[in-house]
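Enquirer: Got a structure for you, questions after.
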Amino acid sequence: VKKTAAPKATAPTATKTAPAKPAPKTHTVKAERFKVSVKLSGVFESGAALPIVVRPKAWAELVVKKIATQGKLVKKGEVIAEFSTERIDLAIEAGERARALSDLEYQLAEQSLKFNEKAVPLDLASYERLAKDAQYDLDYFLKTSKAFNKRAADQSLRSTSNYLAYAQEELKQLEKMYAADDLTEETEEIILRRQRDTVERLKFSVENSKLTRDNSINVSLPRLEASLRQAATLAKMRLESAKKRLPAQLNQTRISFAKLKRDRELAAAQLAKLKKDRQAMTIHAPFDGIVYYGAMNNGRWSISQTLPPRMKPAGVIKPHEVFMTLVRPRPLFVRAYVKESDVRHVKKGIEGRVVPTAFPNQSIKAKVNGVTVVPVAPGRFDTRLELELDKDDRVLPGMTCAATLVAIDKAKAITVPATAIHTDPENEDQKVVYIKKGNKKEKRAVELGESSGGKTEVLNGLKAGETVYLKS
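Under the numbering used here, the first residue of the sequence shown carries the number 15, and numbering increases by one thereafter.
Printed below as a string of structure tokens:
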């Protein structure tokens, strides 16, 4: 029988065990003080700050003659800025002379207008009368005097011819009579010569009458007719022209007078502006205050690099430029900017403390007066803090500070670490915590408040003494 070798003995194998899992972290809920603070940076601002600016209406030259120094404490009525007035005084003097001349020109123009308004209707009536007279003369000539003048010329020629015939007949009779009577030849000769002269004269008169008649009919009357027609036509044309021209000239005079009146009013207004600008050349402090150079914008000073060199005699200030601000040192408030993430915490009435940068050991009680509804810059809102200052406080407008505002301060609030808060996997809009119930974990919905310092206030859903699980 073949013997089988016995198996070799082997050492027992050690069993490997997994490391123990750490116990879940928990937190026991308790009521404790919960505080939410908001830290802001701000600037002290005066409740009464007056920008000093010259807003001239007509004068643009502002040359410094005298000006208060930066930081000077001035009294009400004290001169804080004075500008040269030499050139503006000359301009006002020239304006006064121009106004005097304008007044005279205006008076003359007014009298001329009044005269023309009365004269134009009379001139038109005169032109109408001349046109009527000219037309009447033409009509009378054509209807009456033309034919009458022709008849008169004919009648004159006939009369003269008849006189000649009578004289010739009388001469013939005298010659017959003297040939038969006993008168001496000398007397006969005288009578006959006289009669012969008469005949010769009447012959000439007949010739002259004939020439006169022909000239009247062929020359004088046609010329007179042409002249009368021309006079009537010209009179009518002058009337039509006058009807258009004279009212237009009168209207032109009225418009010129209105323009002169308007120019005079504008010149007077310009002179009045110059005089008012002249008064602005000397600026008195309206109240006791501190002189600051430049403009204040929300408590912060804005001053261009070109301004300080001009704040001295012979320096030139620009019109409408805020070159100085007069500030009352009291009352003061703090203007601060709030981040958009903190704006929900900063509400009117909440209190805090303000620490001036210049005096870090000083703490001033403050209260929020209000917050702007809309942002003053992207992500920033403006807030104003009222202060309780002591008489000996040395803070001045323009100084910066740090403010701490207490938005929430509860003596006993239910809070949990932020790591105890979960989002419900079945409802993303719901926050939950997990409560320790013996060896079990229970999900519970909670209503949350604000968070601060790693803790979150639970408004509903937890009570003191319960234990919650924390995220590992």
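Cβ coordinates follow ideal geometry from the N, Cα and C atoms, glycine included.
Quick caveat, the model's predicted, so the values are computed rather than measured.
By alpha-carbon positions, which one of Ile66, Thr42, Lys53 ends up nearest to His298?
Expert: For His298, the nearest C-alpha among the options comes from Ile66.
Enquirer: Give me the Cβ distance between Thr433 and Leu473, rounded to the nearest whole Å; I'm assuming they're in contact under 8 Å.
Expert: That belief does not hold up - the Cβ atoms of Thr433 and Leu473 are roughly 19 Å apart, past 8 Å.
Enquirer: CA-CA distance, Leu476 and Thr40?
Expert: If you take the alpha carbons of Leu476 and Thr40, they lie about 14 Å apart.
Enquirer: Going by C-alpha distance, which of His436, Pro333, Arg69, Leu346 is nearest Pro411?
Expert: Comparing Cα positions, the closest option is Leu346.
Enquirer: What is the C-beta distance between Arg268 and Ile102, in whole angstroms, given that I count them as a contact (C-beta under 8 Å)?
Expert: The Cβ separation is near 36 Å, so there is no contact.
Enquirer: Anyone know if the C-beta pair for Ile81 and Met295 falls short of 9 Å?
Expert: Going by C-beta atoms, Ile81 is not nearer than 9 Å to Met295.
Enquirer: Is Ile422 near His334, with beta carbons less than 9 Å apart?
Expert: The answer is no: Cβ separation not under 9 Å.
Enquirer: Under 9 Å, Cβ to Cβ, is there at least one residue of chain C near Asp291?
Expert: Absent here is chain C; the protein component of the structure consists of one chain.
Enquirer: State the start and end residues of the unbroken alpha helix (DSSP H) segment that holds Asp137.
Expert: Residues 100 to 154.
Enquirer: When the Cα of Leu216 is compared with those of Phe129, Ala108, Ala181, Ala459, which residue comes out closest?
Expert: It is Ala181.
Enquirer: Since Tyr307 contacts Leu321 with CB under 8 Å, what's their CB separation in whole angstroms?
Expert: With a Cβ gap of about 6 Å, Tyr307 and Leu321 count as contacting.
Enquirer: Figure out for me which residue from Val387, Lys445, Leu248 has the closest Cα to the Cα of Leu152.
Expert: Residue Leu248 is the option with its Cα nearest to Leu152.
Enquirer: Grab the span of the beta strand (DSSP E) containing Phe48 for me, first residue to last.
Expert: It spans 44 to 60 - the beta strand (DSSP E) in which Phe48 sits, taken as one unbroken run.
Enquirer: Where Arg227 and Lys157 are concerned, what is the direct C-alpha to C-alpha distance, given to the nearest angstrom?
Expert: Going from the Cα of Arg227 to the Cα of Lys157 covers about 20 Å.
Enquirer: Would you mind reading off the limits of the beta strand (DSSP E) that contains Lys80?
Expert: It spans 78 to 81 - the beta strand (DSSP E) in which Lys80 sits, taken as one unbroken run.
Enquirer: Give the straight-line distance between the Cα atoms of Ala391 and Tyr120, rounded to the nearest whole angstrom.
Expert: About 58 Å.
Enquirer: By how many angstroms is the C-alpha of Ala328 removed from the C-alpha of Ser98?
Expert: Roughly 9 Å separates the two Cα atoms.
Enquirer: Nearest to Glu221 by CA position, among Asn176, Gln376, Gln187, Gly91, is which residue?
Expert: Glu221 has its Cα closest to that of Asn176, out of Asn176, Gln376, Gln187, Gly91.
Enquirer: So what's Asn474 in DSSP terms, helix, strand or just coil?
Expert: Strand.
Enquirer: Going along the chain, which unbroken runs of the alpha helix (DSSP H) with 4 or more residues stay wholly within the segment 156 to 226?
Expert: Within the segment 156 to 226, the complete alpha helix (DSSP H) runs of at least 4 residues are 160 to 194.
Enquirer: Using DSSP's beta-bridge definition, name the partner residues of Val352.
Expert: Partner(s): Phe395.
Enquirer: Rank Pro38, Asp147, Pro261 by C-alpha distance to the C-alpha of Pro135 and give the top, closest one.
Expert: Ranking the options by Cα distance to Pro135, first place goes to Pro261.
Enquirer: Report the rounded CA-to-CA distance for His436 versus Ala478, giving the unit in angstroms.
Expert: Between His436 and Ala478, the C-alpha separation is close to 19 Å.
Enquirer: So what does DSSP say about Lys485, is it helix, strand or coil?
Expert: If DSSP states are grouped into helix, strand and coil, Lys485 belongs with coil.
Enquirer: In terms of alpha-carbon separation, which member of Val78, Gly85, Pro70 lies closest to Pro343?
Expert: Closest by alpha carbon: Gly85.
Enquirer: Kindly indicate which three-state DSSP category Val420 falls into: helix, strand or coil?
Expert: Strand, per DSSP.
Enquirer: Pull up the CB-CB distance for Ile378 and Leu403, whole angstroms please, since I reckon it's below 8 Å.
Expert: Correct: roughly 6 Å between the Cβ atoms.
Enquirer: Enumerate in chain order the residues of its own chain whose CB-to-CB distance from Ala459 is below 8 Å, with the five nearest sequence positions on each side excluded.
Expert: The residues are Asp438, Gln444, Lys445, Val446, Gly475.
Enquirer: Indicate whether Gly384 and Arg349 have their beta-carbon atoms separated by less than 9 Å.
Expert: No, these two residues do not count as a Cβ contact at 9 Å.
Enquirer: Can you tell me where the alpha helix (DSSP H) holding Phe271 begins and where it ends?
Expert: Element bounds for Phe271: 235 to 293.
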